[in-house]
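In the working numbering, the protein residues as written are 21 to 943.
Before any comments, here is the structure.
See the structure below:
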């Protein structure tokens, strides 16, 4: 060690000696002379790519012909060209530039997963990439001025991400083509008029080319290097494909399309859209739907409309399940945000009463229908081409106090759908000072959307921030932002005018044409205000921070650069577990935020830079954090622009909380296999056991009006294990039958919901409400005055039909009788071969694979973190790492050897071992 230190000291001293003045010139400036200034690079700046741009500014009174420059004592004067007010040069290693680089080795395992490893070893790095630049020039009086700069060039990160980009492009070139075209609104260019509406949608809501370029220019140089490197890797692969057309994927050939080089605009546009896809509110239209609902209630139930609306759109149910347990909220209560909507009492009185009743806005229902239809059309089209990003995910992190090993263990299961190829890929990077492995999505740098390092591991699940508000605009407040030209295969180009207000893009009508806008038919002019607008470009920097963190505090600091709505669970080698919800939830003034602003009076405003306090907690006394896209903390309000996030007593996350609350001394296998356990439950929200929440009330009603068949139904449910898949744990992975108990429960509860709500809601122009939401309103009603939310309206009564059941018990019993008239308790089983399949459908070739249906995740990793880092990692994902299909134009398309390589593990819920980080991070 002492010898090593002496060597480093010798190198440092040697460099300082070498940097003594050259040819008699002094480093310092003679007094009064500032004739030459090196503006690029800056003093002691670290650059992350080569070649390096040098710009030297001359002042008046200089003789340009006398200019000289040396880089590391090598004369580079001939590299300079005249520029405005000075000289400019690009220099590389061939010009004497010293670059800190490392040899990279890229390999694949038997599943096709990429491992990128650098050659750097610990030791003295002082001299690597350090450069000395010196310039001189003469003034008109013959006096010579000098300037110098020290700077460093470290290309390791650029090279590592270039290798990453090349690996991803090798496997997912067609998939990423659809992603970037989706984000840029260029799908119709290759897929024709059916995708024109999708292009209009994303160009309207997206950034302009100039905004994307400005966003890139504003990033720090390291982040720019990451983006440029990843992009360069993509383009290296595209160049290989151009040189050898046999490498061109099948889909390009089938459509007679050639891949163009990627640009930073492509990458930033796709990264931004991906983040919005993880945001429950980003592209939802609930506030406008709420306005139409309120208007319909006012038209049909004037006296009761306010209370009915509040029952259907409550703000905060204290009984909703949270990631941060109620017992821990004292640690964050001092930071709790002011209510983002009025308190329930105030919301029932002043704000809506101050409106104009059922004449709120002309064409409001039509606007709601049109906006919803536009969104659904986009979703459907994207599903057809395997480009839709689905929301949902579950995760849990468990402290060593609850595990058999004494080590914290984390499980993450993002639910992102099952396109072909899979939306996810897996990889490992041990280079450029990084040591990280995990999951990512093709087209954005890094392998750590969900990841692990030698220090920690983390999960991500879609969160519940309030990120979007809609604003009703006056025509005078709307301006043309730009004109876009959309190319359409087989048709003429389409010119799209994109209008904006100070709040954001005009989303209704879409497109907005001032000359033809008819409020009665089109609805009002509506703008989309998004709290994450402009912040989405920080994604790469935030990802770097997550991977580089060496403490829980540093991880939390990186979370502040993650500007999309995500729950994070975390475990580290220091024995910590933690939780955060990332994203931007602005601090709003008190007011009515369930409806578009401007509908009931002057619009309320907010500043996207001023946020409510972060939801976060550490080392909870209950020993775990876990959830399935549920509420962050007790004082967090329900999503005012996402109906599925209006949270109540029932939420599918209860199956996680129930299990972890009642089990201790958990083994790795038990923590891992909880995923299979919950994935084979089911409800309207895709998981959970609703029967648990009504069993007492439903049983009491039947016992009050018993018959043999009714009691037999209760007995069937009493013997049921709560799972959708029949047969117990041995059948969860591969069983084909649906449990009779689930069939009875689902039919019975659905009939109760219909008898309770149809008589009121069927009268509305938009009668459909999410079943889970109505189930929670039902639970509020069954609980009566003891409920966390007490209903204003008696939904059990049926004023339109006095002969219909009028009480909860009457409804429950009649619903059961109706169900039993179709389900014969004595003729079972009912669910034989009814489980169904997850079908993997290629957008051109059709179905290519199938696996038994369940509420499972798209990716999974389970990581046990010991005192020196992860000691066990298991992971899995659908299909395989590669999405490449090749075709010679004659024979059948050929799937890459790694296209289906993960199916044995994934289909069986049997994740494989992934290499752990050894001593000092070695694998």
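Here a beta-carbon is modelled for each residue, glycine too, at the ideal position from N, C-alpha and C.
Quick one: give me the first and last residue of the beta strand (DSSP E) that residue 949 is part of. The structure shown does not extend to residue 949, since the chain is modelled only from 21 through 943, so no value can be given for it.
Output the distance between the C-alpha atoms of residue 638 and residue 652, rounded to the nearest integer angstrom. 13 angstroms
Which residue wins for smallest C-alpha separation from residue 911, given the options 790, 270, 454, 710? 270
Proximal residues to residue 537 (C-beta, below 8 angstroms), its chain only, five neighbours per side dropped: 495, 529, 545
Of the residues 474, 630, 230, 56, the one placed nearest residue 892, counting alpha carbons only: 474
Under 8 angstroms by Cβ, that's how I've got residue 118 and residue 149 pegged, so tell me the actual separation to the nearest angstrom. 6 angstroms
Return helix, strand or coil for residue 881, following the three-state DSSP convention. strand
I'd like to check one pair, residue 333 with residue 831: are the Cβ atoms closer than 8 angstroms? no
Based on Cα-Cα distance, which residue from 650, 643, 642, 788 lies nearest to residue 586? 650
Contact check, residue 880 vs residue 896 under 8 angstroms by CB: the rounded distance? 5 angstroms
Which one of 623, 344, 428, 447 has the shortest CA to CA distance from residue 640? 344
Quick check on residue 386: buried or exposed, where buried means 16 or more other Cβ atoms within 10 Å of its Cβ? buried
Other residues of its chain near residue 916: CB distance less than 6 angstroms, five sequence neighbours each side excluded: 902, 904
Those residues which DSSP pairs with residue 73 across a bridge: 110
For residue 166, which three-state DSSP category applies? strand
Taking 8 angstroms as the threshold (C-beta atoms), are residue 243 and residue 570 in contact? no
Pick from 309, 55, 811 that is closest to residue 105, judged by C-alpha positions: 55
Reduced DSSP secondary structure (H/G/I, E/B, other) of residue 931: coil
Helix or strand or just coil, what does DSSP make of residue 832? helix
Considering Cα atoms alone, identify which of 732, 734, 735, 755 is closest to residue 743. 755
Candidates 447, 517, 428, 301: closest to residue 220 by CA position: 517
What are the uninterrupted segments assigned as beta strand (DSSP E) that are 3 or more residues long and contained completely in the region 853-928, given in chain order? 857-862, 866-872, 880-886, 889-896
Would residue 375 be called buried (16 or more neighbouring beta carbons within 10 Å of its own) or exposed? For residue 375, the predicted structure reports a pLDDT of 37, less than 50, and the residue's modelled location is therefore unreliable. A value from the coordinates is still provided. Its Cβ being crowded by 16 or more others within 10 Å, residue 375 is buried.
Chain-order list of residues whose beta-carbon lies under 6 angstroms from that of residue 551 (same chain, five-residue window excluded): 487, 604, 606, 628
Beta carbon of residue 106: closer than 7 angstroms to some heavy atom of the ligand GTP? Of ligands this structure carries none, so the ligand GTP is not represented either.
Classify residue 567: buried if its beta carbon has 16 or more other beta carbons within 10 angstroms, exposed otherwise. buried
Do the CB positions of residue 929 and residue 746 come within less than 8 angstroms of each other? no
Tell me which same chain residues have a C-beta within less than 8 angstroms of the C-beta of residue 918, skipping the five on either side of it? 128, 131, 132, 191, 900, 901, 902
How many whole angstroms separate the CB atoms of residue 186 and residue 235, which I take to be in contact at a CB cut-off of 8 angstroms? Not quite, the Cβ-Cβ distance comes to about 25 angstroms (not below 8 angstroms), so this is no contact.
Roughly how many angstroms lie between the CA atoms of residue 366 and residue 612, to the nearest whole one? Confidence at residue 366 is low in this model, with a pLDDT of 34, below 50, so its placement is unreliable and no value can be given for it.
So, helix, strand or coil for residue 63, using DSSP? coil
Residue 492 in three-state terms, based on DSSP: strand
Cα separation between residue 579 and residue 851? 46 angstroms
Nearest-angstrom Cα distance between residue 351 and residue 660? Residue placement at residue 351 cannot be trusted, given a pLDDT of 40 that sits under 50; what the coordinates show is reported in the next sentence. Distance between the alpha carbons of residue 351 and residue 660: 26 angstroms.
Going by CA-CA distance only, name the one from 210, 205, 217, 214 that's closest to residue 227. 205
Taking contact to mean 3 or more Cβ pairs, one atom from each stretch, closer than 8 angstroms, check whether the region 476-485 and the region 298-305 are in contact. yes
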